[in-house]
Amino acid sequence: MWGLEGRHVIITGAGGGIGRALVAAFRGAGARISACDRDPVLLDTLEGVEKLAFELTDGDATAHAVNLAVERQGPPAALIGNAGFTRAETMAQVTPDAWRSEIDINLHGTYNVVAPILRHMKAAGGAIVLVSSVNAVAHFGNPAYSAAKAGMLAYARAIAVEHGAHNIRANCICPGSVRTPAWDHRLAENPKLLDQVLPHYPLGRLVTPEEVANVALFLASPLSSGVTGTAIAVDAGLTAGNLRFVREVLGG
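19 is the number of the first residue of the sequence shown in the numbering used here; add one for each residue after it.
Here's what the structure looks like:
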């Protein structure tokens with residue numbers, strides 16, 4: 019169904035919550051996977067994949083890892099750029115160091131992995147899927163992270179327009195809140211936080227890592243062969259409108 023049987027797929031941030039769901043989804047589609055993360059320990063329990071540990075902010079190390087993966091597994095049919103990081107949740111927490119760190123990991127790191135991938139894809143085409151965020155299209159906190167994720171949308175459009183002639187497609191996924199370990203520190207500080215969060219979501223719940231992975235699988239597969247330069251929100255309806263406004267102002 020997916021047209022990815024035996025095809026090589028590179029996944030960054032593969033050791034995290036969404037990353038593990040991505041690995042499972044693409045393995046289920048029969049792809050050969052190069053699983054990448056900055057921490058090799060996070061990759062230890064993944065089975066049936068090529069494992070590569072490197073720091074995305076190091077351009078030379080990233081290019082070396084990509085070239086090694088291609089040498090071992092063949093040209094990539096798809097790149098899933100999933101790695102990301104944030105801790106500066108409000109403007110008051112954005113220091114120069116926090117700004118540089120979050121831009122480096124989320125935006126510069128994306129460029130560092132995409133650039134060598136494009137060189138390998140030019141011969142046979144391929145799909146690039148970048149995991150951005152709803153923070154790229156509206157403000158929900160995390161200013162530095164949001165700026166980086168918005169940059170990813172523009173970068174994907176540039177790839178789509180300038181490399182479409184090489185049959186290379188580029189799209190983004192914009193997840194809302196996904197219940198992964200990234201939420202643990204917030205919930206440790208406020209165990210009732212989800213009671214405050216969920217009323218903002220029309221579906222009344224957070225999306226799962228598997229739901230994000232399923233959209234990535236679609237965008238990486240020939241089923242989406244006519245889709246490029248766009249972003250799909252996987253956000254339980256968050257960016258469709260302001261549910262709390264409707265309920266509390268209009269309905270209240």
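Where is the CB? At the ideal position from N, CA and C, for every residue including glycine.
Legend entry - Close-in-space but distant-in-sequence residues of the same chain around G127 (CB under 7 Å, 5 per side omitted): In the sequence shown, counting from the first residue as 1, residue 127 sits at position 109. Excluding sequence neighbours, G127 sits near L74, T75 and A101.
Inset, instruction - Please classify T80: does DSSP put it in a helix, a strand, or coil? - result: Mapped onto the sequence shown, residue 80 falls at position 62. In the structure shown, T80 sits in a helix (DSSP, three-state: H, G or I).
Legend entry - For L22 and A42, the rounded distance between their alpha carbons: Here residue 42 corresponds to residue number 24 of the sequence shown, with the count starting at 1. Here residue 22 corresponds to residue number 4 of the sequence shown, with the count starting at 1. Rounded to the nearest angstrom, the two C-alpha atoms are 13 Å apart.
Legend entry - Separation of A49 from G66, as counted between CA atoms: Locating residue 66 in the sequence shown gives position 48, counting from the first residue. Locating residue 49 in the sequence shown gives position 31, counting from the first residue. Approximately 10 Å, taken between the alpha carbons.
Inset, instruction - Kindly identify the DSSP beta-bridge partner or partners of G144. - result: Translated into positions along the sequence shown, residue 144 becomes position 126. For G144, DSSP records a beta bridge to I186.
Inset, instruction - Have a look at S151, V132, N208 and L216 and flag the residue whose alpha-carbon is nearest the alpha-carbon of D78. - result: Taking the sequence shown and counting its residues from 1, the one referred to as residue 78 is at position 60. If we check each option's Cα against that of D78, V132 comes out closest.
Legend entry - Short Cβ contact (8 Å threshold) for H82 with L136: Start at 1 with the first residue of the sequence shown, and residue 82 comes out as number 64. Start at 1 with the first residue of the sequence shown, and residue 136 comes out as number 118. Not closer than 8 Å, so no.
Legend entry - Same chain, Cβ closer than 7 Å to G143, five either side skipped, listed in chain order: For the purposes of this step, residue 143 is identified with residue 125 of the sequence shown, where counting begins at 1. Around G143: H184, N185 and I186.
Legend entry - Classification of S239 by the beta-carbon crowding that lies within 10 angstroms, buried from 16 upward: Reading the sequence shown from its first residue, position 221 is the one you call residue 239. Buried: at least 16 other Cβ atoms inside 10 Å.
Legend entry - Whole-angstrom C-beta distance between I36 and T246, which should lie under 8 Å: If you number the sequence shown from 1, residue 246 lands on position 228. If you number the sequence shown from 1, residue 36 lands on position 18. Contact doesn't hold; Cβ gap of about 22 Å is too wide.
Legend entry - Three-state class that DSSP yields for G99 in the structure shown: As a first step, residue 99 must be located in the sequence shown, where it is residue number 81. DSSP places G99 in strand when its eight states are reduced to three.
Legend entry - L268 to S119 span [Cα, whole Å]: Translated into the one-based positions of the sequence shown, residue 268 becomes position 250. Translated into the one-based positions of the sequence shown, residue 119 becomes position 101. Each residue's alpha carbon lies about 41 Å from the other.
Inset, instruction - Pick out the complete alpha helix (DSSP H) segments inside the segment 223 to 260, 4 residues or longer, and give them in chain order. - result: Qualifying alpha helix (DSSP H) stretches, in chain order: 227 to 238.
Inset, instruction - For the segment 154 to 198, list the alpha helix (DSSP H) runs that are entirely contained and at least 4 residues long, ordered along the chain. - result: 161 to 181
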